[in-house]
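Data block below; observations after.
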Amino acid sequence: MKEIEAVIGESRYTIEIGNRLLLDSQRLKEKISGSGKCAVVLSNYLYDLHWEYLIEVLGGYTNKELFLMQDSEENKNYIYAENFLQGFAVKGLARDSLVWSIGGGVVGDFAGYCASLYMRGINIVQCPTTLLAMVDAGIGGKVAVNLQSGKNLVGSFHQPILVVSDTVFLSTLPDREIKCGLAEIIKHSLIGDAASMDILLKHNLESVKDESVLSELVYHSAKFKVSVVAADEKEEGLRAILNFGHTVGHAVESFMAYKDISHGEAVAAGILAESRISKEAGLLSADGLELVVDLLKRYDLFDNSINCGSDGVIEHMKFDKKNKENSVRFVLLKAPGEALYNQTVPNDIINRAVEETLA
Ligand SMILES: NC(=O)c1ccc[n+]([C@@H]2O[C@H](COP(=O)([O-])OP(=O)(O)OC[C@H]3O[C@@H](n4cnc5c(N)ncnc54)[C@H](O)[C@@H]3O)[C@@H](O)[C@H]2O)c1
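Counting from 1050, one number per residue, gives the positions in the sequence shown under my numbering.
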């Protein structure tokens, strides 16, 4: 087992990474000692896939209530959350109770949102089960649900007391979800995570799926995200670098109404477009851009046939939450591994880069 010690604001907790970690209920009980009843918020899809393992895991706890979540982006809303909160009350959860979230980023955000509200906030243990959630969504304490007007518009910061990334779950992840996680790992490597960059440059989409390689990547990438969040928990400065690739990426997803495109594919397109902007703005060298292209190609994230016009995407970038004073703010690369945040760029550079990427 590998461990990362996270010290974020007032919170201090461990992130555990390893195979079949959830089975050791004795160790986990010691880590959460003092907690009362547990509400286990579990993805119903994950339960179908791993029911034998999960029954064995849950058998280790007596004082628990199971809440199955139909995990989809549509259900990540506060009306569905009200059902869960009502369920917490009916089952007698109290201030010393604990929520265990077991699932991908949707379940983690949703369960975290519920835990942050119930009795003004109860503890949560995050058990991310997708690659993306292990390196990104499950790390950093942001919890939220969606509104019709946009994703993640209602939420708060609610740090977990423990994160358990049990890599046994990664065996059932389809390629599309592996690639979503890899897009975020590539992003981390380009903005400063040198250890992941080394690993990524030695592998490709097939060889990276080896459990030991994925665990190494989860460890380094999660550790990198912790270091950024620890320096700026509430996103007042440095944490903004984590948006690299997401200004264009979010605009692509939102323009396509979140259909026919995965988050990873949109982020990969965003990484490419924003690297091209970095080069056109005189920051990133041609060799630097070549490295970005190489990384995306290795993991089948380069030619993802995104078939959407650039005009609509450029229009959608104007609604990015991170914009200030009516100008689009970018994270740009000075070099692979070195990012600058809060950057503005002339419109003609943005237009050319987005057109070239989405052509
Ligand atoms: N809080 C944050 O800081 C943060 C950061 C990034 C993303 N997010 C949020 O995370 C969500 C995306 O998370 P995600 O990419 O994990 O997607 P997800 O939670 O939708 O999971 C993707 C799919 O994989 C399934 N799944 C989960 N674990 C599996 C496994 N082990 N094997 C097979 N299938 C499995 C899920 O049921 C789902 O169908 C979005 O809602 C996004 O807004 C939050």
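Quick reminder that beta carbons are idealized off the backbone N, C-alpha and C, glycines included.
Review point. Of the choices Ala-1138, Ser-1256 and Gly-1190, whose alpha-carbon is the least far from that of Asp-1224?
Key: Ser-1256
Point to revise | Stretch-stretch touch, CB-based, cutoff 8 Å, three pairs: the segment 1071-1078 with the segment 1135-1142 | key: no
Practice item. Drop a sphere of 10 angstroms on the beta-carbon of Asn-1172, count the other beta-carbons inside from all chains shown, and report buried for 16 or more, exposed for fewer. Key: buried
Point to revise | Selected residue, minimal CA-CA separation from Leu-1381, among Thr-1111, Lys-1367 and Leu-1321 | key: Leu-1321
Point to revise | Length-filtered (4 minimum) alpha helix (DSSP H) runs lying within the segment 1205-1259 | key: 1224-1240 and 1243-1249
Check your understanding: Heavy atom of ligand 1 less than 6 Å from the Cβ of Asn-1201, yes or no?
Key -> yes
Review point. Is the beta carbon of Ala-1182 within less than 6 Å of some heavy atom of ligand 1?
Key: yes
Check your understanding: If you draw a straight line from the alpha carbon of Glu-1302 to that of Glu-1079, how long is it in whole angstroms?
Key -> 42 Å
Exercise for review: Determine, using beta-carbon pairs with one atom in the segment 1263-1275 and one in the segment 1050-1067, whether at least three such pairs fall under 8 Å.
Suggested key: yes
Point to revise | Residues that Pro-1177 bridges to, as DSSP identifies them | key: Gly-1152
Check your understanding: Do you know whose CA, among Ser-1376, Ile-1326, Glu-1059 and Lys-1283, lies nearest Ile-1398's CA?
Key -> Ile-1326
Check your understanding: When every heavy atom of ligand 1 is checked, does at least one fall within less than 6 Å of the C-beta of Tyr-1094?
Key -> yes
Check your understanding: Taking Cβ to Cβ, would you say Ala-1300 is nearer than 7 Å to Met-1366?
Key -> yes
Check your understanding: In the DSSP assignment, what residue or residues form a beta bridge with Phe-1379?
Key -> Gln-1392
Review point. Is the number of C-beta pairs between the segment 1106-1121 and the segment 1150-1167 that are closer than 8 Å three or more?
Key: yes
Review point. If we count Cβ pairs, one from each stretch, closer than 8 Å, do we get three or more for the segment 1239-1254 versus the segment 1270-1283?
Key: yes
Review point. Among the residues of its own chain, which have a CB less than 6 Å from the CB of Gly-1058, if the five just before and after it don't count?
Key: Glu-1282
Practice item. Give the DSSP-derived three-state secondary structure of Thr-1111 in the structure shown. Key: coil
Practice item. For the alpha helix (DSSP H) holding Gly-1298, just list the boundary residues, first then last. Key: 1295-1304
Point to revise | Whether Ile-1210 touches Lys-1274 by CB criterion (7 Å) | key: no
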